[in-house]
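*Asks:* The opening residue of the sequence shown carries number 162 in this note's numbering; numbering runs sequentially from there.
We put the CB at the ideal spot given by N, CA and C, even for glycine.
Bear in mind the structure is a predicted one, so any value in this text is a computation, not a measurement.
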Amino acid sequence: MIRNTREKRAGHLCQDGMLVRNCKYLLLLLATLSVMLPIVVVFLGSFKTSEEFNRSRPFELPSFTSNTEIWKGAKTLGTESRLRITGKMLEKHEARKVTLVIDPVEAENSFAVISDSEGAEVGTGEGIIGESEITIAIPKSAWKSVRENGFSILGENITVRRVKVLEGFFLGNYVTAFSKGNMLRGFLNTLILIFFSGLGTVLTGSMTAFVLSRFKFKGKKLVYTAFLWIALIPTITTQVATFQIVYKLGLYNTRLSCIILSMGTDIIGIMIYLQFLNHISNSLDESAIIDGASYWQVFTTIIFPLLQPATVTVLILKCINLYNDFYNPLLYMPKQSLMVISTSLYKFKGPFGTNWPVICAGVVIAVIPTLIAFIAMQRYIYGGMVTGSVKE
162 MIRNTREKRA GHLCQDGMLV RNCKYLLLLL ATLSVMLPIV VVFLGSFKTS EEFNRSRPFE
222 LPSFTSNTEI WKGAKTLGTE SRLRITGKML EKHEARKVTL VIDPVEAENS FAVISDSEGA
282 EVGTGEGIIG ESEITIAIPK SAWKSVRENG FSILGENITV RRVKVLEGFF LGNYVTAFSK
342 GNMLRGFLNT LILIFFSGLG TVLTGSMTAF VLSRFKFKGK KLVYTAFLWI ALIPTITTQV
402 ATFQIVYKLG LYNTRLSCII LSMGTDIIGI MIYLQFLNHI SNSLDESAII DGASYWQVFT
462 TIIFPLLQPA TVTVLILKCI NLYNDFYNPL LYMPKQSLMV ISTSLYKFKG PFGTNWPVIC
522 AGVVIAVIPT LIAFIAMQRY IYGGMVTGSV KE
């Protein structure tokens, strides 16, 4: 009887354990979905046109076709007036669909007909009230003939402003984001800020932490407490005074403004170095000083090499913060030539509308360098994050 009771208890414990494990997996799955869903929406949105982005659902697959303009002007179509598109205009284009941009007021009861070079009808389309486009699909059997010999557009009292063809894999948003957003310049400016700010943060943080950890002087506790209190002050409350100082020093609209602000106010870096220095024995310093080494030699040849895990951690946090920083570059470096990767896409948002597909493409482009860096340096990233977290 006792044995049966124990077996029942073991069975209940096993079921409870499986239930807890399944709940953990479910929570992990929900957390993963909550993180991945916005990424999926951004990725799919980068392949959509503006019209498609506005009318489609977030998770709806894009058409993956490009809308290329092949003719622009003003041509009024009638019974004896037609628009001729030659084969030369269609060179390197598949012309699976033809879109005619017309005046919206002419959309009601309007229609257009596409015929091949021999006059045979290929496709027709009707205008929709309030719409400024008529889209006509071309049968697959006529693609080759239309591409080589061109086609004619006939209509009834409508004015064609532009002619576009739908074709291929749509990468226009990426081209627009990279070229018009000056993302190459943004990457270069971001790299410059990361390099000099990271270098300055490592030097000032490690040296300050070395002095606070190894030297005894009056007011040391006050300085340490001041660092802690400064870390608790919201940076937004000091922006007015900081901006005035930067402007008076002539650093406004220069890279030095963000570099100095980034390397001179990183209290977290100092705290990380202090935590690592507290685990390094003072006997190393004393032995080196007895052998005739100066404090500078002790720091550069003994202490700083031992701070490599802390340095990796500080650089990781600093690079992530600088790469994601939008406020400081926008405030202190508004000049077009000083745009960083976080502000380069801001030009596609204006008072008259926002080009979300282009912004989505720019976000995907901005993620690529960080993804490559993570794959190439994940061993150092994980090592820098966990080293020092467990005390031997």
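In the DSSP assignment, the alpha helix (DSSP H) including THR362 goes from what residue to what residue?
*Replies:* Along the sequence shown, read from residue 1 onward, the residue named residue 362 stands at position 201. Residues 344–375.
*Asks:* Please classify GLU553: does DSSP put it in a helix, a strand, or coil?
*Replies:* Here residue 553 corresponds to residue number 392 of the sequence shown, with the count starting at 1. With a pLDDT of 43 at GLU553, under the threshold of 50, the modelled position of this residue cannot be trusted; read the value that follows with caution. Residue state, collapsed to three classes: coil.
*Asks:* Taking C-beta to C-beta, are GLY284 and PHE272 nearer than 8 Å?
*Replies:* Translated into the one-based positions of the sequence shown, residue 284 becomes position 123. Translated into the one-based positions of the sequence shown, residue 272 becomes position 111. No, the Cβ-Cβ distance between GLY284 and PHE272 is not below 8 Å.
*Asks:* Thinking just about the alpha-carbon of each residue, which of SER242, THR362 and SER278 is nearest to the one in ILE248?
*Replies:* On the sequence shown, position 87 is the one that residue 248 refers to. Reading the sequence as shown, one finds Gly at residue 248 and not Ile. Checked all of SER242, THR362 and SER278; the closest Cα to GLY248 is SER278.
*Asks:* Name the one or two DSSP bridge partners that SER313 has.
*Replies:* Counting from 1 along the sequence shown, the entry for residue 313 is found at position 152. For SER313, which the question treats as bridged, DSSP gives the partners ARG245 and SER276.
*Asks:* What is the rounded straight-line gap between the Cα of ILE450 and the Cα of TYR456?
*Replies:* Against the sequence shown, residue 450 aligns to sequence position 289. Against the sequence shown, residue 456 aligns to sequence position 295. Their backbone Cα atoms lie some 7 Å apart in a straight line.
*Asks:* Does TYR434 pass the burial test, meaning 16 or more other C-beta atoms within 10 Å, or should it be called exposed?
*Replies:* The sequence position of residue 434 within the sequence shown is 273, counting from 1. It counts as buried.
*Asks:* Verify whether the separation of the beta carbon atoms of ILE200 and VAL259 is less than 8 Å.
*Replies:* The residue labelled residue 200 in the question sits at position 39 within the sequence shown. The residue labelled residue 259 in the question sits at position 98 within the sequence shown. Not a contact, by the Cβ cut-off of 8 Å.
*Asks:* Quick one: using the 10 Å Cβ neighbour count with 16 as the cut-off for buried, is PRO219 buried or exposed?
*Replies:* As a working mapping, residue 219 is identified with position 58 in the sequence shown. Its Cβ having fewer than 16 others within 10 Å, PRO219 is exposed.
*Asks:* Please indicate yes or no: does the CB of TRP232 lie closer than 7 Å to some heavy atom of the ligand PLP?
*Replies:* The ligand content of the structure shown is nil, which means the ligand PLP is not present either.
*Asks:* Please check if any C-beta of chain D sits within less than 8 Å of the C-beta of GLU252.
*Replies:* The structure shown contains no chain D; it holds only a single protein chain.
*Asks:* Output the distance between the C-alpha atoms of ALA235 and LEU244, rounded to the nearest integer angstrom.
*Replies:* Reading the sequence shown from its first residue, position 74 is the one you call residue 235. Reading the sequence shown from its first residue, position 83 is the one you call residue 244. ALA235 and LEU244: Cα-Cα distance of roughly 10 Å.
*Asks:* For PHE339 and VAL326, what's the separation of their Cα atoms in angstroms?
*Replies:* Working through the sequence shown from its first residue, we reach residue 339 at position 178. Working through the sequence shown from its first residue, we reach residue 326 at position 165. Roughly 23 Å separates the two Cα atoms.
*Asks:* Would you mind giving the Cβ-Cβ distance between PHE312 and SER358, rounded to the nearest angstrom? I have them listed as a contact below 8 Å.
*Replies:* Locating residue 312 in the sequence shown gives position 151, counting from the first residue. Locating residue 358 in the sequence shown gives position 197, counting from the first residue. Incorrect: roughly 58 Å between the Cβ atoms, too far for contact.
*Asks:* Just grab the DSSP bridge partners of LYS185 for me.
*Replies:* In the sequence shown, counting from the first residue as 1, residue 185 sits at position 24. According to DSSP, LYS185 bridges with nothing at all.
*Asks:* Is it right to say TRP232 is buried, meaning 16 or more other beta carbons lie within 10 angstroms of its own, or is it exposed?
*Replies:* Start at 1 with the first residue of the sequence shown, and residue 232 comes out as number 71. That one is buried.
*Asks:* Do you know how far the Cα of LEU188 is from the Cα of MET179?
*Replies:* The count along the sequence shown starts at 1 and reaches residue 179 at position 18. The count along the sequence shown starts at 1 and reaches residue 188 at position 27. Cα to Cα, MET179 sits roughly 14 Å from LEU188.
*Asks:* Is LEU383 helix, strand or coil when you go by DSSP?
*Replies:* Numbered from its first residue, the sequence shown carries residue 383 at position 222. Looking at LEU383 - three-state DSSP - the assignment turns out to be helix.
*Asks:* Do you know whose CA, among TYR408, PHE437, ILE428 and LEU238, lies nearest GLU317's CA?
*Replies:* If you number the sequence shown from 1, residue 317 lands on position 156. Checking every option, the nearest Cα to that of GLU317 belongs to LEU238.
*Asks:* Are PHE509 and GLY342 close, meaning C-beta to C-beta below 8 Å?
*Replies:* Mapped onto the sequence shown, residue 509 falls at position 348. Mapped onto the sequence shown, residue 342 falls at position 181. Result yes, Cβ atoms of PHE509 and GLY342 sit closer than 8 Å.
*Asks:* Jot down the residue ranges of each uninterrupted beta strand (DSSP E) in the segment 395–475, minimum 3 residues, whole runs only, in chain order.
*Replies:* Runs of the beta strand (DSSP E) inside the segment 395–475: none found.
*Asks:* Excluding the 5 residues preceding and the 5 following LEU476 in the sequence, name in chain order all residues of the same chain whose CB lies nearer than 6 Å to its CB.
*Replies:* Counted from its first residue, the sequence shown places residue 476 at position 315. Cβ neighbours of LEU476 beyond the five flanking positions: GLY359.
*Asks:* Under the rule that 16 or more other beta-carbon atoms within 10 Å means buried, what is MET197, buried or exposed?
*Replies:* The count along the sequence shown starts at 1 and reaches residue 197 at position 36. Exposed, because fewer than 16 other Cβ atoms sit within 10 Å of the Cβ of MET197.
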